[in-house]
Amino acid sequence: MSDVTGGRALLALDQITMRFGGVVAIDGLDLEVRQGEIFALIGPNGAGKTTVFNLVTGVYQPTAGRVAFDGRKINGMKRFSVTKRGIARTFQNIRLFHNMSALENVLVGADAHHRTGFIGAGLGLPWHRREEREGRALARELLDFVGIGHRTEEWAKNLPYGDQRRLEIARALATKPKLLLLDEPAAGMNPAEKRSLQQLIRRICDAGTTVLLIEHDMGLVMEISDRVAVLDFGQKIAEGRPAEVQNNPAVIEAYLGAPADAS
Amino acid sequence: MSHSKNTTGIGPVRAAMRKITTPFDEMRDWWGRAPGWVRWTVYGLVIVAALLAPSDSVGAFMSPESDWATILFYPIGVFVLLAIGLNVVVGQAGLLDLGFVAFFAIGGYVMAVIGTELGWNFWEIIVVAVLISSLSGIILGAPTLRLRGDYLAIVTLGFGEIVRLVAQNTDAIGGPRGINSIPHPPDMSDIEIIPDLQPFTYGVIDPRPYYYLLVALCVLVIIFARRLEKSRVGRAWAAIREDEDAAEIMGVPTFRFKLLAFAIGAAIGGATGTVFAAKMISIVPNNFPFILSATILAAVVLGGSGNLPGVILGAFLVGWLPERFRGFEDYRVLLFGGVLVLMMIVRPQGLLPSRQRSAEFAEGSGMGGMGAEVATPTAKAEVSSR
Amino acid sequence: MFNDLVSQFWPSTIDGLALGSIYALIALGYTMVYGVLRLINFAHSEVFMIGTFGALLTLNILGVTGPVSGLTFVGVLFLIAAGAMIASGGTAVLLELVAYRRLRKKGASRLAFLISAIGASLFLQELFALVVIPEGFDRPQAGRIQVPVPALMEKEPLFSIGDAVVRNDKLLVFVGAIVMMIVLDLIVNRTRIGRGIRATAQNPESAVLMGVNIDRVVLMTFLIGGAMAGIAAALYVVEFENTQFFVGFLLGIKAFTAAVMGGIGNLRGALVGGLALGLIEAYGTSMLGSEWQHVIAFSILVLVLMFRPTGILGESLQQARA
Amino acid sequence: GGGSGDGSSGGGEAAGTVKVGFLGALTGENAGIAIPPHNGAKLAFDEYNKTNPKTKIEYVPYDSQGLPEQATPLATKAVREDKIVAMVGPAFSGESKNVGPILEEAKVPSVSASATAVDLAQQGWKYWHRVVANDGAQGPAAAEFLTRAMKAKKIFIVDDSQEYSAGLADAVDATLKGKATVNRDKVDQQGSDYASTVNKIKAFNPDAVFFGGYYAQAGRLLKQLRQADVQAPFMSGDGSLDAGLIEGAGEANATDTYIACPCVLGSASDDPEVKDFAQRYKAAFNADAQIYATEGYDAATAIIDAIKAGNTDAEKINEFLKTYSKKGVSKDIKFAPNGELSTSSIFVYAVKGKDYTLLGDSKTASVQ
Amino acid sequence: MLLELKDVYVHYGKIEAIKGISLEVAEGEIVSLIGANGAGKTTTLKTISGLRPISAGRVLFDGKDISRTPGHVRVLRGIGQAPEGRGVFPGMTVQENLQMGAYARKGNTAGDLAEMYDLFPRLNERRAQMAGTLSGGEQQMLAIGRALMTKPKVLLLDEPSMGLAPKLVTQIFSIIEEINHRGTTVLLVEQNAQQALQLAHRAYVLETGHVVKSASASQLLDDPEVRAAYLGGDLGVDGAGEADATPNGAGRPTGGDAPAQ
Ligand SMILES: Nc1ncnc2c1ncn2[C@@H]1O[C@H](COP(=O)(O)OP(=O)(O)OP(=O)(O)O)[C@@H](O)[C@H]1O
Ligand SMILES: Nc1ncnc2c1ncn2[C@@H]1O[C@H](COP(=O)(O)OP(=O)(O)OP(=O)(O)O)[C@@H](O)[C@H]1O
Ligand SMILES: [Mg+2]
Ligand SMILES: [Mg+2]
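Chains as they are written, first to last, in the working numbering: chain A, 3 to 265; chain B, 26 to 411; chain C, 156 to 477; chain D, 2 to 369; chain E, 917 to 1177.
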């Protein structure tokens, strides 16, 4: 794990501030995610973690500061262009296309890199057919990869909760991201499910995709991440390897809240 | 007591409706499983039926009181084509358009103005009309498609009225008097298929050539729309309908696709308007009232928004029934209104809903949680937008 | 063009405010129902229309055939307002019970509501044109065209602003609308039923868990919105002294426009939107000609929405899509 | 062909029955203007059939609701299936433009009792006729009345943007050029608040107001004008010739109102022949002979005369009409080659109490 | 028994979510429902509070059949619920939200409000803030407080710890204990089975719409099957309050590529 921590920066937040009316959700935040690592973002509720995701994916434009991905500034870009650049995400509350099949959900992700316009599609031109074939192949492969290859034709909303989380991940992966953002993927899962999710994240990372993870489950975070940053009131209060962060008194005070057992 | 209410009150109506509609559902499921050759045979039969439709023996039953072939052209054929166009916007992309008649009007006026002023022929004009109406779709969509869905409703309604009123107040295009003496399409051939039927000779009295023109347009548009539906474009529309924000983040340029839906819908509306104007000889702004937009929308929803066979059925019924029941005279609109309410109450998903739509209903969550006691969490939608 | 605006400024302002007040009162019904149900109650225009006939019926029953004054006038005004409110409120409630409630229970799509609403609207219009007006008001021929209402007040100038005279009827309409808006604002923000309405608007499921009978709240919402349309209807017949079966159509669309312009779901937005729309139309028509009235209104709507996508005051009944 | 079409096969060769159609709005919003001529025509045909003629006439009304989209299939059916030999109508100008070409191609003559748009006569149609003067005659006559009899120098013209209304207003406007100072505005047909128009009129302070449009809007405008203390005399065209105007404006407000019409109103005329007609009409339909009832009767009579003369097919009837000349109930009926009446007169009516009185021909009538 | 479900079936359209559940809650108890995702826990609670109609079976409360009683009436009878996802009224202030809890009751509520602020001092600080802008934990407190304002005999809590930071999870659980001490019966649904079982007197295990086990909480804590399925074997990592939350001590996957459930 330690071998990647010196990798080059894939995502860099530079003095990012985000205000909503009077609320300062993110306050002068610097953050760097390096190529190939699993980076965890933790912190109390309302600390601004999801807001970071929203800033990175272009849902919000920062009040101040700069977001760079792969060396290029991406704030100000349209959300779908950010996706094309190579950032994909899942949502804190699952947001699948419920009344579409699992396969179609993933296909929507795969379409991000497809080119056929309405003319090609409407006339059924050859390159459109080829793209369509390739997209389906990729989608099947990804559904297998996340472990729901046997449920391609089922509708998203009819999948069990855990499989829905997996489907969200497959859909995100279909956009061929360099960086995958996972927002509390283990929320509402039981321990067995968490364990298998953990392995999936590991495999994604091993396959070459950098992962930025928000999670409240300390067991999972501590075990899987290479580095951890802790947010509180929109500011970074600690950063480092899991073990370091876990014993940081400020983190215990603000987030973990069990000083007696920490040492 | 929420659970018992559902079955009381209009119970008998419901039971009767179920008898009528269950076969529809079964048919859809059968269709979903049917092998290719069956489908092609059915397509073939449908087209043949459409070609044979304007015969007097059919007409004697279908519209005893006016000319059946003319009725097949307008309202039926025109409604069907308009409904297919509106379905792209409403059914596929999920955008509420209450002013669809605007594009129909624009197509009609392009035909009328260019046809009478510049003397171009129909085939040249229809291309221009399609371009202009889709352009107007884009002009309307560009500032408004970023708005929330319900705001779009009033803005499109306004647009429909604006187009009509501008036509009415602009003397250069006839003002309230409209435009007369619109040229017919040039004859393509004067072959006579059966005695007394020259399907490619466009005159004043015989509406059948125009009807066949509409049928041809319908077939083309349906093929095009079906292909789109099953492609990347259709998936993008479905995704936008389901969750626009999530779609955008998954790489769908939502705005562009919504605009595309608007433009395609507008193009179809415009093409319909062109044929309409060429057949009618004379058009006036009052040919394009708001109620026509509402009627086409009703046709789409009544048939089953998002499902082409349903939409076509809906448009057919909405065009045909008032004609069939001419006997009721003044009461036709009254009945139409009542039937709309009744239909929505007993079968809100429409007569022939798509598989997807029926599912949305089975689950009972379309109204974002206003199912009274049996509400589903709106909280989800609210919180997730943070 | 601008000369016209300048020379007509004060008369336009007065007329704009008077018409805008009626828009605002009707807009309230749209906004309340939308705020709670997220539903465009397209049939609200007919709620208004029926209100005008409620007022007319009351006049017929009272036997008023010409202008009255003093206390009689106040009494009659009060009674026709009550009559109109009963007619409108009742219609609105009936709409909810017949056309919407079952759809709500089924969780039908917005589109289905809209079509049901359009259907109900057509039905009510035609019902009045064909049955109620000819038989109830004994006007077989004129039913489709218009029904005159006896004048209730002598329309007299009260005072002048600039070169324009302010007439008593216009002032009455304006003041009436403002007063009703204040009353409604108090109801929604201060009373128990108001809290129930707001809670249901924001999260119906949680509202049930608080013991809110949301069927009743929804009914109340329709009733209050309908009653406001009734007030508008009463003021309308006093001012214009006629009505038709389709009188609601155009006013309804304009009121809906006003509601969206002000920020649909927002009660104060309805007032602001209504008055703004009235003024915009008045100024616009004095510059460009009356034939452009609706074109102006809708164009300004688009313009407003481009700069303020949720209307002038934004949404508020359910507020905070945080 | 099945259904009702069978009986009439054979066109009109043999003696027996021929069909004559009527096309117009028998229901719907504008039925008020089409029903009287329909009744008038029906009366004529009934009277004719009672005389036990060799060739009976079957009168077939087609209800277009005044909508061109509905008129087209009905007209197509009328000529293709029902094989009518002539038509009374179409009642309105709008539907005439769509139906005219169909009748033309089918070579079926028509005589309208109420379509007054100018351009109908300019289409080069050979089978089309009408027994009323057009707006082009009505407008100038009204304008002439305004300046001559009412001595107006400043005139404000309003219309409600409908086909008929704008046409009439334009015609008045054109004639007044150079004879009076004119200002114009339009109102919304469906609107109820005409305040901005009223303000403009008030600011203009005209000697007379002319309104092109129908009586409902006319009544509303007139009332709002009077309430805003504009007392200028008010004039309008045939679309406003209805008691509804007086009722809508209120009796007091409606004084000093004049209406021009190419029609002879059964109820307002002293002519014995007209009076007799009005009585027969009342007996048959239990209603006053309202606008265009006499014209409907005259239109039907022209067709009846053609058939009486032994013409039972459409072409022959048309040829007969070309040479027709007879005094009808309302006026002399003689068609110019383009289908218009060769001589047209416009009459002016004034409001008196709850009703109208005929002031006389517009060229000679004077304001009391 | 205060609350009883007898062979209850619930459907979502054609989907059968609850397939014959029977359970009991006695006065003064904390009873916990545990089970995998989609087992039907939330649906069970919604059925009790009247948000979902039942298709068969009976719900008894205080000995009376309330199967057909509308939801808003059940609140008056004494069933309070803090729903999944909190469901606060975002456009109302904290105080208004709490007052909504007393909506269906007559009489003065000032005393009850004070009691809530006493229980949740944090809410007292935020009483004038719009609920929509509260943090997740604060919203959870508000949801519980609001439900308590209805003066319930039984309080239904649906995953009160979901999505909360470890520190807040600990807090919420102690609040639940406190509420119970003050005399409110609690029916608690939790994914966080470890902590739920430590708090509860008894528990039911749900699987795909069936009750598969019911026993005292301590028995279930020791049950090997339950441990394997819902407590993560001997994992015990949920909640940082646990002593062994160190990276090395944390869960060893037991079943390799075990399917998600
Ligand atoms: N659109 C918005 N408008 C106003 N305030 C917002 C908005 N989005 C987020 N906030 C505020 O910003 C702060 C950070 O929110 P965020 O969702 O990022 O928290 P989080 O760290 O993800 O919390 P949790 O762990 O509970 O998910 C909160 O106080 C929240 O209320
Ligand atoms: N609105 C709905 N429409 C259709 N099916 C639903 C709906 N809500 C729940 N279900 C189904 O009902 C079953 C039980 O769901 P429920 O939400 O009660 O489970 P749960 O035990 O609370 O799970 P979780 O731990 O995810 O909260 C699941 O199979 C789910 O898919
Ligand atoms: Mg978050
Ligand atoms: Mg749950």
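In this text, a Cβ means the ideal position worked out from N, Cα and C, and glycines have one as well.
Under the three-state reduction of DSSP, valine 926 of chain E is assigned to strand. Taking the C-beta atoms as reference points, valine 924 of chain E is found no nearer than 9 Å to valine 989 of chain E.
Proximity of threonine 297 of chain B to chain A, defined by a Cβ-Cβ separation below 9 Å, is not satisfied.
At a cut-off of 8 Å, the beta-carbon of lysine 51 of chain A counts as near ligand 1: some heavy atom of the ligand is closer than that. Around the beta-carbon of arginine 1002 of chain E, 16 or more other beta-carbon atoms lie within 10 Å, marking it buried. The contact set of isoleucine 235 of chain C on chain D, defined by CB atoms closer than 7 Å, is empty, because the minimum CB distance reaches about 18 Å.
In this chain, methionine 365 of chain C is not harboured by any beta strand (DSSP E), its DSSP state being neither H nor E.
Within chain C, the C-beta atoms nearer than 7 Å to that of glutamine 228 of chain D come from Lys310, in chain order. Fewer than three beta-carbon pairs drawn from the segment 45-61 of chain D and the segment 455-469 of chain C are found closer than 8 Å, and the two stretches are therefore not classed as touching. Secondary structure remark: continuous beta strand (DSSP E) runs of at least 3 residues inside the segment 128-211 of chain A, in chain order: 181-185. Counting other Cβ atoms within 10 Å of its Cβ, lysine 152 of chain D stays below 16 and is therefore classed as exposed.
Interface with chain A (9 Å Cβ-Cβ cutoff): lysine 1083 of chain E is included. For glutamine 448 of chain C, the CB contacts under 8 Å within the same chain, skipping 5 residues up- and downstream, are Glu436, Gly439 and Thr440 in chain order. Residue burial is scored here from C-beta neighbours: histidine 152 of chain A has fewer than 16 other C-beta atoms within 10 angstroms and is therefore classed as exposed. With a threshold of 9 Å between beta carbons, serine 948 of chain E makes no contact with chain A.
Taking one beta carbon from each stretch, the segment 169-181 of chain A and the segment 103-110 of chain A have 3 or more pairs nearer than 8 Å; the two touch. Flagged as an interface residue toward chain D: valine 402 of chain C, by a C-beta distance shorter than 9 Å.
Distance from the CA atom of tryptophan 129 of chain A to the CA atom of isoleucine 248 of chain B, rounded to whole angstroms, is 18 Å.
Closest by C-alpha distance to valine 19 of chain D, out of D:Glu105, D:Val352 and D:Ile85, is D:Ile85.
Close partners of asparagine 99 of chain D in chain B (Cβ separation under 8 Å): Met305, Ile306 and Ser307. Note that the segment 201-212 of chain C touches the segment 242-254 of chain C; at least 3 beta-carbon pairs, one per stretch, sit closer than 8 Å.
Not one heavy atom of ligand 4 lies closer than 8 Å to the C-beta of aspartate 185 of chain A.
The residue from B:Arg58, B:Gly84, B:Ile337 and B:Ala94 with its alpha-carbon nearest to that of tyrosine 236 of chain B is B:Ala94. Judged by DSSP in its simplified three-state form, proline 273 of chain D adopts helix. Among the residues facing chain A, isoleucine 931 of chain E is included, as its CB has a counterpart in that chain under 9 Å away. Judged by DSSP in its simplified three-state form, proline 378 of chain B adopts coil rather than helix or strand.
In this structure glycine 61 of chain B is exposed. Its beta-carbon is surrounded by fewer than 16 other beta-carbon atoms within 10 angstroms.
Interface with chain A (9 Å Cβ-Cβ cutoff): isoleucine 247 of chain B is excluded.
Remark: the shortest separation between the CB of glutamine 94 of chain A and any heavy atom of ligand 3 falls under 8 Å.
Chain D has no Cβ within less than 9 Å of the Cβ of glutamate 217 of chain B.
Three or more Cβ pairs closer than 8 Å define a contact, and the segment 949-956 of chain E meets that threshold against the segment 1095-1108 of chain E. Leaving aside the five residues that flank arginine 1042 of chain E on each side, the residues in its chain whose CB is nearer than 8 Å to its CB run, in chain order, Val1010, Leu1050 and Glu1054. Taking glycine 251 of chain D as the centre and dropping the five residues before and after it, the same chain places the C-beta of Lys224 closer than 7 Å to its C-beta, in chain order. Isoleucine 274 of chain B has its CB no nearer than 8 Å to any heavy atom of ligand 3. By the C-beta density criterion, alanine 118 of chain B is buried, having at least 16 other C-beta atoms within 10 angstroms. Glutamate 195 of chain A belongs to the set of residues whose beta carbon lies under 9 Å from a beta carbon in chain E.
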